[in-house]
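First residue of the sequence shown? That's 1396 in our numbering, and the numbers climb one at a time after it. Just so it is clear, CB atoms sit at the ideal spot from N, CA and C, and this is done for glycine as well. Quick caveat: nothing in here was measured; it's all calculated off a predicted structure.
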Amino acid sequence: MGEVGLLAVFAAVIRRDLLLAMRRKSDVLTTLFFFVIVVSLFPLGIGPEMGLLRKIAPGVLWVAALLATMLSLPRLFAADHADGTLEQMALSAVPLGVLVAGKIVAHWLLSGLPLALLAPVLGLQFDLPADALGVLVLALLAGTPVLSLVGAVGAGLTLGVRGGGVLVSLLVLPLYVPVLIFGAGAVESHAVGLGAGAHLSLLAAFLALTAFFAPWATTVALRIALE
1396 MGEVGLLAVF
1406 AAVIRRDLLL
1416 AMRRKSDVLT
1426 TLFFFVIVVS
1436 LFPLGIGPEM
1446 GLLRKIAPGV
1456 LWVAALLATM
1466 LSLPRLFAAD
1476 HADGTLEQMA
1486 LSAVPLGVLV
1496 AGKIVAHWLL
1506 SGLPLALLAP
1516 VLGLQFDLPA
1526 DALGVLVLAL
1536 LAGTPVLSLV
1546 GAVGAGLTLG
1556 VRGGGVLVSL
1566 LVLPLYVPVL
1576 IFGAGAVESH
1586 AVGLGAGAHL
1596 SLLAAFLALT
1606 AFFAPWATTV
1616 ALRIALE
C-alpha cells in the first residue's frame, strides 16, 4: 500500500472516531465539564486575591488539563476491543501503527484541542493578561498531544485488565510530570520577563520524540493485549 493509501486510511480512522464520538457526546462533554469545574473551583476557594490567582493559574490550568486527559484515556481502545474491531485492525493489511496513530490524533482532537481552546476563557478567572493567555494556549497546543501519545501507550498496556483506569493513571502520571513542569513554566517565565521560548522548545522536542516512538510502543502493547 502506497503513501497515499496509508494517508487515506489514517484520515478515515480519524473521521470514524470523530463520528463515533459525536454519537456519544456525553463522553466528550464529561472531559470538558471536569476541566471547567476543577479550574473554576480554585478562584472560588481562594477568593479575590488577584496576585495569588495569577501566580497559581498556570499550574492549576495544566493540572486540570492533565487530569481531564487522563479521564478519557480508558475509553481510547476499550470500545474497539469490546466489539472486536481492534482484532480486525490487527489482522488487516494496513499497518496497525497507522491505525493507532489515527486513533491518537482523534483522541487529541476530542480532548486536548478543546481544552487548549477553552483555557483562555477560564484563564480570565485568574486575571491573566492577554499575552500570558497566548503563551498558555501555545503551551497547551504543544503539550496536550504529548499527553495523548503517552497516554495511548498506557491505555494499550492496561487494555482488558480489571481496574485498568487506575492502572493507566499510575503508569502515565510520572511520565506527564515533565510536560506539566515545562508547560506551566512557559507561562510563569513569560510573566517574569524571561521569555517562554525555551520551555516551548522543550515541549516541541517532547512532542517530536513521543510522536515518533509512542505509536510504535502502543502497537506493541496492543498486540500483547490481544494475544
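Burial is judged here by how many other beta carbons sit within 10 angstroms of a residue's own beta carbon; Val1587 has fewer than 16 and is exposed.
C-alpha of Phe1607 to C-alpha of Thr1614: approximately 12 Å in a straight line. Excluding five sequence positions before and after Ser1564, the CB atoms of its chain that fall closer than 7 Å to its own CB belong to Met1465, given in chain order. Here Lys1498 is buried. Its C-beta has 16 or more other C-beta atoms within 10 Å.
DSSP places Leu1554 in the coil class of the three-state scheme, outside both helix and strand. In the same chain as Phe1577, and ignoring 5 residues on each side of it, the C-beta atoms closer than 6 Å to its own belong to His1594, Leu1597 and Leu1598, in chain order. Approximately 22 Å separates the beta-carbon atoms of Ala1403 and Leu1471; this is outside 8 Å, ruling out the contact. Leu1510 is not a Cβ neighbour of Phe1428, given a cutoff of 8 Å. Three or more beta-carbon pairs drawn from the region 1442-1459 and the region 1510-1522 are found closer than 8 Å, and the two stretches are therefore classed as touching. At the C-beta level, Leu1575 and Ala1620 stay beyond 8 Å of one another.
According to the DSSP assignment, Gln1483 belongs to the alpha helix (DSSP H) that extends over Thr1480 to Leu1486.
DSSP places Pro1509 in the helix class (H, G or I) of the three-state scheme. In the DSSP assignment, Gly1592 falls within the alpha helix (DSSP H) that extends over Gly1592 to Leu1621.
Residues Val1434 of the same chain have their beta carbon placed closer than 6 Å to that of Leu1517, with the five preceding and five following residues left out of the count. For the options Met1484, Gly1440, Gly1551 and Leu1552, the alpha carbon positioned closest to that of Val1455 is the one of Gly1440.
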